[in-house]
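Student:
Protein chains: 2
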Amino acid sequence: MTTTYPSPPATLEVTAVLHALADPVRLHLVRQLREADGAIACGRFDTTVAKSTLSHHFKILREAGVIATHREGGNAFNVLRTEEMDAAFPGLLNAIFP
Amino acid sequence: MTTTYPSPPATLEVTAVLHALADPVRLHLVRQLREADGAIACGRFDTTVAKSTLSHHFKILREAGVIATHREGGNAFNVLRTEEMDAAFPGLLNAIFP
DNA sequence: TCCGGTGTTCGATAATCGTCGAACAGATCG
DNA sequence: CGATCTGTTCGACGATTATCGAACACCGGA
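Those sequence lines, one after another, are chains P and G. Under my numbering, the first sequence is numbered contiguously, ending at residue 98. Under my numbering, the second sequence is numbered contiguously, ending at residue 198.
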């Protein structure tokens with residue numbers, strides 16, 4: 001069975017998105033998604049924080065609509081919502097990822 | 101005498117800038133600077149928060165390098181550091197101000 | 001069916017943050 | 001000089017946040 005996550009917000013709130021990206025840990029996560037091609041499982045990110053902390057950060061990013069997560073079997077794969085982000089805030093992702 | 105403010109940071113830190121912009125009150129302040137032509141004195145902004153709170157928010161924006169403040173006589177005039185922001189994060193300001 | 005791997009949830013804790021009023025410091029003006 | 005206006009600084013308070021370990025739920029393979 002494939003457990004589903006709550007759907008992303010209908011409209012991306014600028015303060016929520018900026019707040020989600022303002023944290024160093026989360027920004028590093030998003031940067032990895034940006035540079036990767038394809039989804040990345042939660043456990044495969046370069047980070048030092050505890051597992052529960054990581055889960056918390058993914059939740060923030062998910063609820064802001066920055067990333068989407070889909071479960072497949074035992075793993076939770078994350079993707080950057082590039083199209084939605086570019087549609088809502090054109091140029092933002094390019095601006096903050098040099 | 102014209103009191104001087106600490107100089108803006110040499111390089112704009114992305115997390116500091118995003119954190120500065122992530123607060124609704126500060127975002128509203130920056131938006132007013134964006135839409136205005138010329139500097140705006142601290143007391144002339146559309147806001148509801150107390151004077152001390154406003155001063156605190158300006159400090160955050162100043163230290164992040166988002167705005168610059170110069171004192172002239174009794175007033176403190178604020179400007180958006182558009183060129184520096186565009187140089188450091190091209191497209192960011194345009195992205196978040198629809 | 002049991003076991004190891006993956007991710008979430010639940011307190012708890014320490015730190016940060018936004019907010020305010022009061023007090024203070026300059027500058028301007030009468 | 002004295003009054004007033006503008007903005008900063010200083011605690012203080014409450015809310016939010018980042019962090020962790022432990023416990024839990026789920027899936028896959030042996």
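Beta carbons are placed, not taken as given, at the ideal position from N, Cα and C, and that holds for glycine.
1) Let me make sure I understand the geometry here. Which of P198/G, L192/G and N178/G has the alpha-carbon closest to that of F145/G?
2) Under 8 angstroms, do L61/P and T115/G count as touching if we go by C-beta distance?
3) Relative to the C-alpha of I40/P, which candidate in M85/P, L93/P, E72/P and A88/P has its C-alpha closest?
4) Taking V79/P as part of the beta strand (DSSP E), name the residues at either end of that continuous run.
5) One question on the structure: do A22/P and A122/G come within less than 8 angstroms of each other, judged by their Cβ atoms?
6) Provide the residue span of the alpha helix (DSSP H) that contains R134/G, from first to last.
7) How about G91/P and N194/G: do their beta carbons lie closer than 8 angstroms?
8) Identify whether A99/P lies in helix, strand or coil by the three-state DSSP scheme.
9) For chain P, is any of its Cβ atoms less than 8 angstroms away from the one on H119/G?
10) Can you say whether R81/P is buried or exposed, counting buried as having 16 or more other CB atoms within 10 angstroms of its CB?
11) Just to make sure I have the definition right: I need the residues of chain G whose C-beta is within less than 8 angstroms of the C-beta of V14/P. Which are they?
12) Using a Cβ cut-off of 8 angstroms, which residues of the segment 78 to 93 of chain P contact any Cβ in chain G, in chain order?
13) Per DSSP, what kind of secondary structure is A50/P in: helix, strand or coil?
14) Per DSSP, what kind of secondary structure is A95/P in: helix, strand or coil?
15) When you compare the CB of A122/G with every CB in chain P, is at least one pair closer than 8 angstroms?
Tutor: Here's the rundown:
1) Walking along the second sequence from the start, residue 145/G turns up at place 45. Closest by alpha carbon: N178/G.
2) As a working note, residue 61/P is residue 61 in the first sequence. As a working note, residue 115/G is residue 15 in the second sequence. No. Outside cutoff.
3) Translated into the one-based positions of the first sequence, residue 40/P becomes position 40. The shortest C-alpha to C-alpha distance from I40/P to any of M85/P, L93/P, E72/P and A88/P is the one to E72/P.
4) Position 79 of the first sequence, counting from 1, holds the residue named residue 79/P. Where V79/P is concerned, the enclosing beta strand (DSSP E) stretches over N75 to L80.
5) In the first sequence, residue 22/P corresponds to position 22, counting from 1. In the second sequence, residue 122/G corresponds to position 22, counting from 1. Yes; because the gap between Cβ atoms is below 8 angstroms, this pair is in contact.
6) Taking the first residue of the second sequence as 1, we reach residue 134/G at position 34. Looking at the DSSP string, the run of the alpha helix (DSSP H) that includes R134/G is P124 to E135.
7) Position 91 of the first sequence, counted from the first residue, corresponds to residue 91/P. Position 94 of the second sequence, counted from the first residue, corresponds to residue 194/G. Contact: yes.
8) Outside the shown range of chain P (1 to 98) lies residue 99/P, about which nothing can therefore be said.
9) Stepping through the second sequence from its first residue, residue 119/G is reached at position 19. Chain P contact via Cβ: present.
10) In the first sequence, residue 81/P corresponds to position 81, counting from 1. R81/P is buried by the Cβ-count criterion.
11) The sequence position of residue 14/P within the first sequence is 14, counting from 1. Those within 8 angstroms of V14/P in chain G are L127 and I196.
12) In summary, the residues of the segment 78 to 93 of chain P whose CB is separated from some CB of chain G by less than 8 angstroms are F89, P90, G91 and L92, in the order they occur in the chain.
13) Against the first sequence, residue 50/P aligns to sequence position 50. Residue state, collapsed to three classes: coil.
14) As a position in the first sequence, residue 95/P is number 95, starting the count at 1. Note: A95/P maps to helix in three-state DSSP.
15) To locate residue 122/G, count along the second sequence from 1; it is residue 22. Yes - at least one Cβ of chain P is within 8 angstroms of the one on A122/G.
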